[in-house]
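Asker: The structure's right below; bear with me while I get my questions together.
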Amino acid sequence: MNNLSALLKPKSIAVVGASIKPSSAGNIVMTNLLQAGFEGVVMPVTPTHRSVCGVLAYPDVSSLPITPDVAILCTNASRNEALLQQLVARQVKHVIVLSATRLTKENNILLSDITKGSATRLLGPNSLGIIMPWEKINASCSPINAKQGKIAFVSQSAAMCTTILDWANDKNIGFSAIISLGNALDMDFADLLDYLSMDSKTEAILLYVDTIKNARRFMSAARAASRNRRILVLKGGKTQAGRTAAYAHTGGLDSLDIIYDSAIQRSGMLRVNNSHELFAAVETLTHSIPLRGERLAIISNGGGPAIIAVDTLLMKGGQLASPPPSLIDKLSEVLPDNWSHNNPIDLIGDAGQDRYIKSINAVMDSDCADAILIMHSPSASTHNQQTAQAIVEAINKHPRRQHFNILTNWSGENTVKSARQIFTNAGIPTYRTPESAVIGFMHLVEYRRNQKQLMETPTNAEPMHVSELTDAKQWIENKLQDNVSLELDTHQIGTFLKFFNFNVLPTWLASDASEAVHISEQIGYPVAVKLRSPDIAHKSDIQGVMLNLRNHHEVASAAEAILDRAEVHYPSANIHGLLIQAMAKLAGGEEIRIKVKTDHTFGPVILLGQGGAEWDESIDATCALPPLNMALARYLVTRAIKEGKIRPQRLPVPMDITKLSELLVRISQMIVDCPQVYELDIHPLLAAGDKFTVIDADMTLKQSQGEGQKRLAIRPYPVEYEERVQLKDGSDIIMRPILPEDEPNHAQFVSKVSKEDLYNRFFSDVGELNHEALANLTQIDYDREMAFIAIANSDSNPEIIGVSRALLNPDNTDAEFAILVRSDLKGMGLGKLLLQKIIDYCRQKGTKQISGVTMPTNRGMLMLAQNLGFELDVQFEDGTADMVLKLSE
Numbered sequence: 001m002n003n004l005s006a007l008l009k010p011k012s013i014a015v016v017g018a019s020i021k022p023s024s025a026g027n028i029v030m031t032n033l034l035q036a037g038f039e040g041v042v043m044p045v046t047p048t049h050r051s052v053c054g055v056l057a058y059p060d061v062s063s064l065p066i067t068p069d070v071a072i073l074c075t076n077a078s079r080n081e082a083l084l085q086q087l088v089a090r091q092v093k094h095v096i097v098l099s100a101t102r103l104t105k106e107n108n109i110l111l112s113d114i115t116k117g118s119a120t121r122l123l124g125p126n127s128l129g130i131i132m133p134w135e136k137i138n139a140s141c142s143p144i145n146a147k148q149g150k151i152a153f154v155s156q157s158a159a160m161c162t163t164i165l166d167w168a169n170d171k172n173i174g175f176s177a178i179i180s181l182g183n184a185l186d187m188d189f190a191d192l193l194d195y196l197s198m199d200s201k202t203e204a205i206l207l208y209v210d211t212i213k214n215a216r217r218f219m220s221a222a223r224a225a226s227r228n229r230r231i232l233v234l235k236g237g238k239t240q241a242g243r244t245a246a247y248a249h250t251g252g253l254d255s256l257d258i259i260y261d262s263a264i265q266r267s268g269m270l271r272v273n274n275s276h277e278l279f280a281a282v283e284t285l286t287h288s289i290p291l292r293g294e295r296l297a298i299i300s301n302g303g304g305p306a307i308i309a310v311d312t313l314l315m316k317g318g319q320l321a322s323p324p325p326s327l328i329d330k331l332s333e334v335l336p337d338n339w340s341h342n343n344p345i346d347l348i349g350d351a352g353q354d355r356y357i358k359s360i361n362a363v364m365d366s367d368c369a370d371a372i373l374i375m376h377s378p379s380a381s382t383h384n385q386q387t388a389q390a391i392v393e394a395i396n397k398h399p400r401r402q403h404f405n406i407l408t409n410w411s412g413e414n415t416v417k418s419a420r421q422i423f424t425n426a427g428i429p430t431y432r433t434p435e436s437a438v439i440g441f442m443h444l445v446e447y448r449r450n451q452k453q454l455m456e457t458p459t460n461a462e463p464m465h466v467s468e469l470t471d472a473k474q475w476i477e478n479k480l481q482d483n484v485s486l487e488l489d490t491h492q493i494g495t496f497l498k499f500f501n502f503n504v505l506p507t508w509l510a511s512d513a514s515e516a517v518h519i520s521e522q523i524g525y526p527v528a529v530k531l532r533s534p535d536i537a538h539k540s541d542i543q544g545v546m547l548n549l550r551n552h553h554e555v556a557s558a559a560e561a562i563l564d565r566a567e568v569h570y571p572s573a574n575i576h577g578l579l580i581q582a583m584a585k586l587a588g589g590e591e592i593r594i595k596v597k598t599d600h601t602f603g604p605v606i607l608l609g610q611g612g613a614e615w616d617e618s619i620d621a622t623c624a625l626p627p628l629n630m631a632l633a634r635y636l637v638t639r640a641i642k643e644g645k646i647r648p649q650r651l652p653v654p655m656d657i658t659k660l661s662e663l664l665v666r667i668s669q670m671i672v673d674c675p676q677v678y679e680l681d682i683h684p685l686l687a688a689g690d691k692f693t694v695i696d697a698d699m700t701l702k703q704s705q706g707e708g709q710k711r712l713a714i715r716p717y718p719v720e721y722e723e724r725v726q727l728k729d730g731s732d733i734i735m736r737p738i739l740p741e742d743e744p745n746h747a748q749f750v751s752k753v754s755k756e757d758l759y760n761r762f763f764s765d766v767g768e769l770n771h772e773a774l775a776n777l778t779q780i781d782y783d784r785e786m787a788f789i790a791i792a793n794s795d796s797n798p799e800i801i802g803v804s805r806a807l808l809n810p811d812n813t814d815a816e817f818a819i820l821v822r823s824d825l826k827g828m829g830l831g832k833l834l835l836q837k838i839i840d841y842c843r844q845k846g847t848k849q850i851s852g853v854t855m856p857t858n859r860g861m862l863m864l865a866q867n868l869g870f871e872l873d874v875q876f877e878d879g880t881a882d883m884v885l886k887l888s889e
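Numbering follows the UniProt record's numbering, in which position 655 of the sequence shown is assigned residue number 655; successive positions increment by one, without gaps.
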């Protein structure tokens, strides 16, 4: 648990600017606190009144009898700076700023300067406040309180908080927390995700996001939290105008919406597209069990609504369950002859509750579906409430109830409202329309897919040779020697791309038409002639690219025409002559575009799409955040195809997705290892089967300041921690950080550890670890966790023989360590090497202490820890032994 407990579970709250004026923020906050039943100390601060809402008031911050855990600033923005200084001096742990007026950027900077270096954390400014129903706290300006529930909502928009609250209260949906970040000047999503993912009252987390300011912290916190909690994100600012409005609302930098899409998906979270979808998703997540699969069975008394549900399902990429003949026969026994005999299961319009119940039981007895959508349209022959109640009872009685996600759609308004309430009270998601019901189901499907992607074991791509990477870095240094930045074209970067095993179409330079003819005669026809100018971004604007030129007359004519048009349309542009290329064989191939760009928030990103002259990267591309492995690269390609960003042609030899994935991994490696690559635009890349040829490319190099990897939103594999060491018997081993690709070898390693050693490590009997458990052990976030593996026989048959781990808390004050050595290799000094490696790593990270727990009977571990300076606390009654090593004060 991080240090936000004092904010979200305070024992005392000061309301600075408390007032008796009914419409003022100071009065609303006081009223909300008292009406919610807060059992801690409430201290109004105001020089004007002796008491507020019947509570004794204090004239100023210095007069407070105790230092509050939380102070809420309800004053005008002009007074915030002076009051915040007083609260910092009083060492108040948390300050919530509820400013009635929009703060300027300059005021924001002043506020953050005041709290910098102090123990005071700031929520806001422009925050609505916090509501913690389980703690009986409503420290907000909200006109609506929240009921107790298992969902936390964290929002940069105060209006979204009140909108969600109003809707949820009508649906009888409760919350574990409502937290309004406002401008998120200090406290941000990452802080709240770290806290809420460990909160026992929270099962799901909803985020409303305008902008993210610290991408790496957000990604780390989100990836960690999404392993423990279901997280939904509603992101504002899809369009350029929307992004401009988001900036004005909460600050932050402009990023393409597809970059946020990629970040949310990469983190294992689920994005919803609008507030309507958010409501549907809340409805689904509040009541749903984890989805086993994606097959949906639909039971309906109306054909039309069922067809709409099927259309929505398939358009969203869902899967309709296929009923087996045995289920068809069973349903035929209880349904009229003219029923649909397929899925959707059309019960016919006069279906009563008996027909519904028998059909539901038949489907639940079968194993053809993972979820069931029960639909109902108003009918004169059916009583809405009685049918709903009978269905609820039948579902709850069925022995396989937990095998299925049940959703209901009772269409209509006033006549069916009470029926929908019956489902809500029974904990069964219910929706007004077929579309919203299916969208609610697809949220579960998409979430499951994102989680599966988060846990997928990647395969290895062909690694680069160290010499090639060294040559590539040297090439960049030579180019940037006397330049802060440099823009290069195909001819200039061909050598660099070949270091990364790219096939680049050879390019020659010509200064005029006669030289273009001479080069064309040398390389052979047909050829392409292209304008070369750093000042003309789109050559197609002036027909600056001429293709399939078949003789010297065509080349000369095209070259002269291109140069003439450039001079007429861009008289002040720098013209660097012409590029001449042999025509690539386009038959049997297709053109795609790959672009690397550096985003102000998320750092380098990879964009993939079909390309073309009218390419709009915000619409026509799919995005991924580096570093990529083969699994992530394949997801990028398949997502681009699925979303229509790449439209594969019907070719005799189709594009090889595996080879394209390998190429994307090499681009990712280029980005990670060469921080000076600011932008790379391959337009186009000709794909023909398993052959990929760079036809045209532009690259921008910029001098890199500081540690190059810090610009990435996700910390890449830390190659700097690789080292070769010797064991006591003189054998060489390699110690390095663990990789996701190590999962199969890690499973082999665990199988060679004795049951006793596994029990000492995991404090329970451990059988064969499943894929999910192994993925959690091998797919780590290097920014807040580290696992070092020791590898023997590294050249021929690599084997993992030991592992040490450190899990850092979000504040970096403590790292919990664990060590496991193969049972037949004890006494070789391996445990000491692995533990020392973890100690050195944590010391370098600035971690304050390392701690671990083992059993009192594990004498080998205790002696090793003691020899390395750990303090031991053995509790024989509890069966535990604590080990702590202080690294810094």
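Even glycine gets a Cβ: it sits at the ideal position worked out from N, Cα and C.
Answer with buried or exposed for Arg50, where buried requires no fewer than 16 other C-beta atoms within 10 angstroms of its C-beta.
Answerer: That one is exposed.
Asker: Just to confirm before moving on: does the CB-CB distance between Ile178 and Ala36 stay below 9 Å?
Answerer: In this structure, Ala36 does not lie closer than 9 Å to Ile178 by Cβ.
Asker: Given this structure, state the Cα-to-Cα distance separating Met1 from Thr813, to the nearest angstrom.
Answerer: Low confidence applies here, because Met1 scores a pLDDT of 40, under 50, leaving its location unreliable; read the following figure in that light. Taking the straight line joining both Cα atoms gives about 12 Å.
Asker: To the nearest angstrom, how far is the alpha carbon of Pro744 from that of Asn858?
Answerer: The straight-line gap from Cα to Cα measures roughly 28 Å.
Asker: Give the straight-line distance between the Cα atoms of Phe788 and Ser804, rounded to the nearest whole angstrom.
Answerer: Cα to Cα, the separation comes out at about 5 Å.
Asker: With contact counted as at least three CB pairs below 8 Å, one residue from each stretch, are the stretch 364-382 and the stretch 296-315 in contact?
Answerer: Counting Cβ pairs under 8 Å, three or more are found: they touch.
Asker: Can you round the beta-carbon distance between Ala158 and Ser180 to whole angstroms, since I take them to be within the 8 Å contact cut?
Answerer: Contact flag correct, Cβ pair sits at about 5 Å.
Asker: So Ser255 and Thr693 are supposed to be a Cβ contact under 8 Å. How far apart are they, rounded?
Answerer: Rounded, the Cβ-Cβ distance is 31 Å, inconsistent with contact.
Asker: At what residues does the alpha helix (DSSP H) containing Gln85 begin and finish?
Answerer: Segment 80-89, the alpha helix (DSSP H) holding Gln85.
Asker: State the DSSP-derived secondary structure class of Lys21, mapped to helix, strand or coil.
Answerer: Here Lys21 sits in coil by DSSP.
Asker: Look at residue 890 and Leu128 and say whether their C-beta atoms are less than 9 Å apart.
Answerer: Here the chain comprises residues numbered 1 to 889, so residue 890 is not present and cannot be evaluated.
Asker: Could you tell me the alpha carbon to alpha carbon distance between Met861 and Thr854, rounded to whole angstroms?
Answerer: Those two C-alpha atoms are separated by around 8 Å.
Asker: Within the same chain, show all residues whose beta-carbon is closer than 7 Å to that of Lys358, passing over the 5 residues directly before and after it, in chain order.
Answerer: Cβ neighbours of Lys358 beyond the five flanking positions: Val334.
Asker: Can you grab the Cα-Cα spacing for the pair Ala806 / Glu785, in whole Å?
Answerer: Taking the straight line joining both Cα atoms gives about 6 Å.
Asker: Out of Gly304, Leu578, His403, point me to the one whose CA is closest to Asp365's CA.
Answerer: Out of Gly304, Leu578, His403, His403 has the C-alpha closest to the C-alpha of Asp365.
Asker: Answer with buried or exposed for residue 907, where buried requires no fewer than 16 other C-beta atoms within 10 angstroms of its C-beta.
Answerer: Here the chain has residues from 1 to 889 only, and residue 907 is not among them.
Asker: Under a Cβ-count criterion, where at least 16 other Cβ atoms within 10 Å of its own Cβ denotes burial, should Phe817 be classed as buried or exposed?
Answerer: Phe817 should be labelled buried.
Asker: Arg229 by DSSP, collapsed to three states: which one?
Answerer: Of the three classes helix, strand and coil, the one that applies to Arg229 here is coil, per DSSP.
Asker: Going by C-alpha distance, which of Ala146, Thr408, Glu135 is nearest Leu8?
Answerer: Ranking Ala146, Thr408, Glu135 by Cα distance to Leu8 puts Glu135 first.
Asker: How big is the Cα-Cα spacing for Asp781 and His276?
Answerer: Between Asp781 and His276, the C-alpha separation is close to 33 Å.
Asker: Using only the alpha-carbon positions, how far apart do Leu608 and Thr46 sit?
Answerer: For Leu608 and Thr46, the distance between alpha carbons rounds to 58 Å.
Asker: Beta-carbon separation of Ile819 and Ile734 under 9 Å?
Answerer: No, these two residues do not count as a Cβ contact at 9 Å.
Asker: From Glu294 to Val310, what does the alpha carbon distance come to, in whole angstroms?
Answerer: Approximately 14 Å, taken between the alpha carbons.
Asker: Could you work out which residue in Thr495, Ile606, Arg639 is closest to Ile667 when comparing CA atoms only?
Answerer: That would be Ile606, whose Cα lies nearest to the Cα of Ile667.
Asker: Tell me whether the beta-carbon of Gly612 lies closer than 9 Å to the beta-carbon of Arg593.
Answerer: Yes, these two residues count as a Cβ contact at 9 Å.
Asker: Enumerated in chain order, which unbroken segments of the alpha helix (DSSP H) with a length of 4 residues or greater are wholly contained in the UniProt domain "N-acetyltransferase" (733-888)?
Answerer: The qualifying runs are 743-751, 755-762, 771-778, 830-845, 859-867.
Asker: Using the three-state DSSP reduction, which class does Met160 fall into: helix, strand or coil?
Answerer: Of the three classes helix, strand and coil, the one that applies to Met160 here is helix, per DSSP.
Asker: Helix, strand or coil for Leu103 per DSSP?
Answerer: Caution is warranted here: a pLDDT of 47 is assigned to Leu103, below 50, making its placement in the model unreliable, and no coordinate value can be reported.
Asker: Which residues share a DSSP beta bridge with Ser12?
Answerer: Paired residues: Val41.
Asker: Report the rounded CA-to-CA distance for Arg448 versus Leu291, giving the unit in angstroms.
Answerer: For Arg448 and Leu291, the distance between alpha carbons rounds to 7 Å.
Asker: Candidates Gly412, Leu497, Leu4: which alpha carbon is nearest Leu123's?
Answerer: With distances taken between Cα atoms, Leu123 lies closest to Leu4.
Asker: Under a Cβ-count criterion, where at least 16 other Cβ atoms within 10 Å of its own Cβ denotes burial, should Gly440 be classed as buried or exposed?
Answerer: So Gly440 ends up on the buried side.
Asker: Would you list the one or two residues that DSSP bridges to Glu477?
Answerer: Bridge partners of Glu477: none, in fact.
Asker: Where do the N-terminal and C-terminal ends of the alpha helix (DSSP H) with Gly440 fall, by residue?
Answerer: Looking at the DSSP string, the run of the alpha helix (DSSP H) that includes Gly440 is 434-455.
Asker: Can you tell me where the beta strand (DSSP E) holding Pro684 begins and where it ends?
Answerer: It spans 677-688 - the beta strand (DSSP E) in which Pro684 sits, taken as one unbroken run.
Asker: Restricting to runs no shorter than 4 residues, where is the alpha helix (DSSP H) found entirely within the stretch 610-664?
Answerer: Correct list: 617-620, 630-642.
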